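Notes to accompany the following structure.
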Amino acid sequence: MNGKRSYLFILLLVTLAIPSVGRAQNWKGILDSSRAIDWSNSGVPGGIPYRTTACATISATTYSNGATDATAGIQSALNGCASGQVVSLSAGTFLINGGLKIPSNVTLRGAGTQSTILNAHGTSGAVLAMGSGSPSAASSVNITGGATAGSTSITLSSTSGITAGSYLLITELNDATYVTITDPNGTCSWCDNSMWSGTRVRGQIVEVISVSGATVGINPGLYTAYGAASGTGPALATPYKAAVKYAGVEDLQIYANNTGYSANISLAECAYCWVRGVEGNYADGDHVDLNFSYRCEIRDSYFSNAYSHVAGSTDADIMLAGKTTGTLVENNILERLHASVMLNWGAAGNVIGYNYSTGSYDSSATNSVMIDFAVHGAHPQFNLWEGNVTPHIFPDSFWGTGAYNTAFRNWTTGTTLVAPYADGTYTGRKVINWAGGHLANQQNRGISLAFTQTRYNLIGNVAGSADATKAAGSLYNSGPAACTSCAVAPANRNYSGTFYAFDFGYNNGADTNGSSVPAAWVGVAYSTAVLHGNYDTASSSVIWNAGITQTLPASFYRGTKPAWFGSIAWPAIGPEVSGGIDAGGHANAIPAEACYKATARDSNGILLFDPAACYGTSSTAPKPAAPTNLADVVH
Numbered sequence: 042m043n044g045k046r047s048y049l050f051i052l053l054l055v056t057l058a059i060p061s062v063g064r065a066q067n068w069k070g071i072l073d074s075s076r077a078i079d080w081s082n083s084g085v086p087g088g089i090p091y092r093t094t095a096c097a098t099i100s101a102t103t104y105s106n107g108a109t110d111a112t113a114g115i116q117s118a119l120n121g122c123a124s125g126q127v128v129s130l131s132a133g134t135f136l137i138n139g140g141l142k143i144p145s146n147v148t149l150r151g152a153g154t155q156s157t158i159l160n161a162h163g164t165s166g167a168v169l170a171m172g173s174g175s176p177s178a179a180s181s182v183n184i185t186g187g188a189t190a191g192s193t194s195i196t197l198s199s200t201s202g203i204t205a206g207s208y209l210l211i212t213e214l215n216d217a218t219y220v221t222i223t224d225p226n227g228t229c230s231w232c233d234n235s236m237w238s239g240t241r242v243r244g245q246i247v248e249v250i251s252v253s254g255a256t257v258g259i260n261p262g263l264y265t266a267y268g269a270a271s272g273t274g275p276a277l278a279t280p281y282k283a284a285v286k287y288a289g290v291e292d293l294q295i296y297a298n299n300t301g302y303s304a305n306i307s308l309a310e311c312a313y314c315w316v317r318g319v320e321g322n323y324a325d326g327d328h329v330d331l332n333f334s335y336r337c338e339i340r341d342s343y344f345s346n347a348y349s350h351v352a353g354s355t356d357a358d359i360m361l362a363g364k365t366t367g368t369l370v371e372n373n374i375l376e377r378l379h380a381s382v383m384l385n386w387g388a389a390g391n392v393i394g395y396n397y398s399t400g401s402y403d404s405s406a407t408n409s410v411m412i413d414f415a416v417h418g419a420h421p422q423f424n425l426w427e428g429n430v431t432p433h434i435f436p437d438s439f440w441g442t443g444a445y446n447t448a449f450r451n452w453t454t455g456t457t458l459v460a461p462y463a464d465g466t467y468t469g470r471k472v473i474n475w476a477g478g479h480l481a482n483q484q485n486r487g488i489s490l491a492f493t494q495t496r497y498n499l500i501g502n503v504a505g506s507a508d509a510t511k512a513a514g515s516l517y518n519s520g521p522a523a524c525t526s527c528a529v530a531p532a533n534r535n536y537s538g539t540f541y542a543f544d545f546g547y548n549n550g551a552d553t554n555g556s557s558v559p560a561a562w563v564g565v566a567y568s569t570a571v572l573h574g575n576y577d578t579a580s581s582s583v584i585w586n587a588g589i590t591q592t593l594p595a596s597f598y599r600g601t602k603p604a605w606f607g608s609i610a611w612p613a614i615g616p617e618v619s620g621g622i623d624a625g626g627h628a629n630a631i632p633a634e635a636c637y638k639a640t641a642r643d644s645n646g647i648l649l650f651d652p653a654a655c656y657g658t659s660s661t662a663p664k665p666a667a668p669t670n671l672a673d674v675v676h
């Protein structure tokens with residue numbers, strides 16, 4: 042490594058070492074510091090780099106514009122590409138009969154989502170992979186000191202093989218007071234990625250900044266204490282090196298053919314990797330999977346449709362699992378999937394921001410609103426949903442618990458347009474009959490916290506829409522005095538015919554009264570939640586918490602309005618917003634929704650998506666620093 046690169050690497054590590062706990066947070070004065078983290082550190086540090094030097098330019102005509110397999114040729118170019126450069130694919134179609142692996146510090150870039158098409162015909166794995174593998178439980182060492190909330194320095198029983206720039210998977214034994222892998226639906230022994238048979242589902246990933254003897258400097262600071270509560274020790278640090286760093290895919294379309302891939306794009310043990318300006322035109326399995334990944338970014342993309350719309354090992358979604366930490370999923374369109382964004386298996390400290398989701402369904406229950414933005418599989422923590430427009434946020438009760446997650450300024454519409462194919466069916470790849478779609482009229486809910494989901498923060502959200510009122514017919518407003526639009530188990534809850542802005546403590550979507558909820562969990566989801574400044578169409582009012590300021594920041598992770606918002610109001614959603622398109626004027630279309638509604642479709646009903654036309658070129662500008670003039674209030 043030359044002197045300049047050495048200097049830049051040291052500068053980066055110094056920058057990353059600045060403890061997040063020392064920075065003022067946008068949520069101070071609203072949330073206690075034990076319930077939230079510094080979300081401004083999500084995504085690729087400084088924004089996704091735009092690389093300008095092409096190490097190779099590959100023409101589709103070389104492979105007869107999709108007639109012959111281009112997998113080996115593209116892979117050879119990727120393998121030979123110099124650090125910081127681009128493998129550029131021309132306009133045209135490229136037949137991919139296997140999978141492509143993007144190495145560290147290389148970008149795979151097409152000529153645009155409507156110009157460069159990867160026609161995917163492989164039978165396993167992912168069409169595009171950035172990294173692979175998982176940490177080894179056998180390499181774990183005990184944390185002997187420093188495992189306190191906010192700590193950026195820990196001591197380990199051994200630091201052999203641990204170096205600056207490597208990673209630690211931090212875990213503790215499950216805390217029986219609020220962490221479990223067992224519920225009436227079953228036991229999730231794989232919810233720690235089968236590393237410890239489900240006994241260590243809560244944790245996070247940190248980057249090693251320095252090593253001095255037994256002391257290791259880390260970033261970010263620990264979100265919470267580990268190994269301190271009774272029965273949770275010892276806390277462990279499991280070291281690993283990122284399989285891939287600073288790899289990315291941009292400006293192309295993946296065209297799936299139901300040939301057996303598990304995902305269109307996979308990121309595993311990937312750090313600072315990205316997906317930008319990509320179209321997923323159907324998926325065999327998931328659209329994007331992330332496991333054991335750190336500060337990655339999925340943005341400005343369009344993920345549409347899937348061959349399978351039933352529950353299973355994949356959900357046609359963006360899935361964050363394996364304690365993936367600090368990742369930013371922002372400004373994406375999610376259309377006609379099974380679920381849209383799923384937090385699984387200990388995902389921690391991630392931001393799901395300003396995404397537009399519509400049309401998700403299960404082919405066995407096409408009248409039901411899906412668990413669209415979900416927590417599904419123990420134990421995601423300290424994640425933020427902000428500014429999204431989605432039919433339903435539903436941290437569910439399947440496969441255990443989640444806690445300390447926050448929903449801020451989302452608009453949960455309570456229904457969605459479910460469109461069949463032209464032949465009236467709901468599976469396969471055919472012409473979509475958008476004009477023949479119907480509003481889902483079952484499970485009409487805004488934000489649902491199942492009984493296993495505790496210590497949540499629901500702040501400044503908008504629940505309900507004119508469509509939800511039309512689909513459901515009636516609105517629930519008979520809850521407790523502090524939140525009349527909240528249904529709290531064991532109160533009766535209808536599966537159809539009623540819109541519920543908020544519901545707490547039920548077992549699953551079909552549960553009508555919480556009768557299967559274990560006694561120790563009854564009422565806990567509601568009693569441990571912080572609700573503040575939420576507007577709903579059932580009560581037609583904003584419900585405030587008397588002990589908290591009514592002045593809300595525009596964002597919990599951005600300091601100023603991003604350029605890609607254009608002329609759209611900032612904030613777009615919230616109790617003080619007026620003049621919006623629905624929900625008493627409290628909700629505007631976010632950029633992804635505006636793009637969706639302004640973009641034409643092809644003859645099969647798929648958007649002719651062009652991120653440059655919708656958002657320009659400024660959507661990845663660095664996030665400004667948070668304000669510094671807010672005081673902390675503990676309540």
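Residues 42 to 676 (my numbering) make up the sequence shown, in order. No residue lacks a Cβ here, since even glycine has one placed at the ideal position from N, Cα and C. Model, not experiment: these values are computed from the prediction.
Scanning the region 283–329 for uninterrupted beta strand (DSSP E) segments of 3 residues or longer gives 289–296, 304–309 and 315–322, listed from N- to C-terminal end. Beyond the five residues adjoining it in sequence on each side, V127 comes within less than 7 Å, by CB distance, of R92, T94, A95, C96, T148 and R150 in the same chain, given in chain order. With respect to I211, G244 sits close: the two C-beta atoms are nearer than 8 Å. The DSSP-derived three-state label of E248 is strand. By the neighbour-count definition (other C-beta atoms within 10 Å, threshold 16), D552 is a buried residue. Taking the C-beta atoms as reference points, V316 is found nearer than 8 Å to S342.
A distance below 8 Å between beta-carbons, with the five flanking residues on each side excluded, links N226 to the following residues of its chain, in chain order: S438, F439, W440, N548 and N549. Nearest C-alpha to V571 among L499, N554 and P436: L499. For S582, the enclosing beta strand (DSSP E) starts and ends at S582 to I584. When the five nearest sequence neighbours on each side are left out, the beta carbons in the same chain lying within less than 8 Å of the beta carbon of N138 are those of D110, T112, H162 and G163, in order along the chain. In terms of Cα proximity to D216, the closest of A269, I195, S192 and T256 is A269. Counting along the chain, S489 sits inside the beta strand (DSSP E) bounded by residues R486 to L490. Secondary structure at F344: strand, using DSSP grouped into helix, strand and coil.
Our two residues, T493 and N332, have alpha carbons roughly 23 Å apart in a direct line. Check the Cα spacing between G400 and each of G394, V392, M411 and N391: the tightest is with M411. Put simply, the backbone Cα of A635 is about 35 Å away from that of S519. Looking at the DSSP output, A278 shares a beta bridge with V182 and I211. In the DSSP assignment, Y335 is bridged to A312 and T366. Taking C-beta atoms under 8 Å as the contact rule, A579 and L516 qualify, at a distance of about 4 Å. Residue pairing of W426 in beta bridges, as defined by DSSP: I393 and A448. One Cα belongs to G186, the other to S404, and the distance between them is close to 51 Å. L209 and S177 have their C-alpha atoms roughly 11 Å apart. Collapsing the DSSP output to three states places Q66 in coil. It is roughly 16 Å from the alpha-carbon of A523 to the alpha-carbon of G546.
Listed in chain order, the alpha helix (DSSP H) runs fully inside the region 461–523 are 507–513, counting runs of at least 4 residues. For T300, same chain residues with a beta-carbon under 8 Å away, outside a window of 5 residues either side, are A161, H162, G163, T164 and D325 in chain order. For the 8 Å CB-CB criterion, D330 and A380 do not form a contact.
Residue Q116 holds the alpha-carbon nearest to the alpha-carbon of M171 among N554, Q116 and H350.
With respect to A415, G455 sits apart: the two C-beta atoms are not nearer than 8 Å. In this structure, P461 sits near G477, with a CB-CB distance shorter than 8 Å.
Separation of L649 and W386 (C-alpha to C-alpha, rounded to the nearest whole angstrom) is 34 Å. According to DSSP, G133 shares a beta bridge with T157.
About 12 Å separates the beta carbons of P280 and N183, which is beyond the 8 Å limit, so they are not a contact pair. When only Cα atoms are considered, Y335 and C232 end up about 18 Å apart.
Taking C-alpha positions only, H479 is separated from I374 by approximately 20 Å. Assignment of N575 by DSSP, reduced to helix, strand and coil, places it in the strand class.
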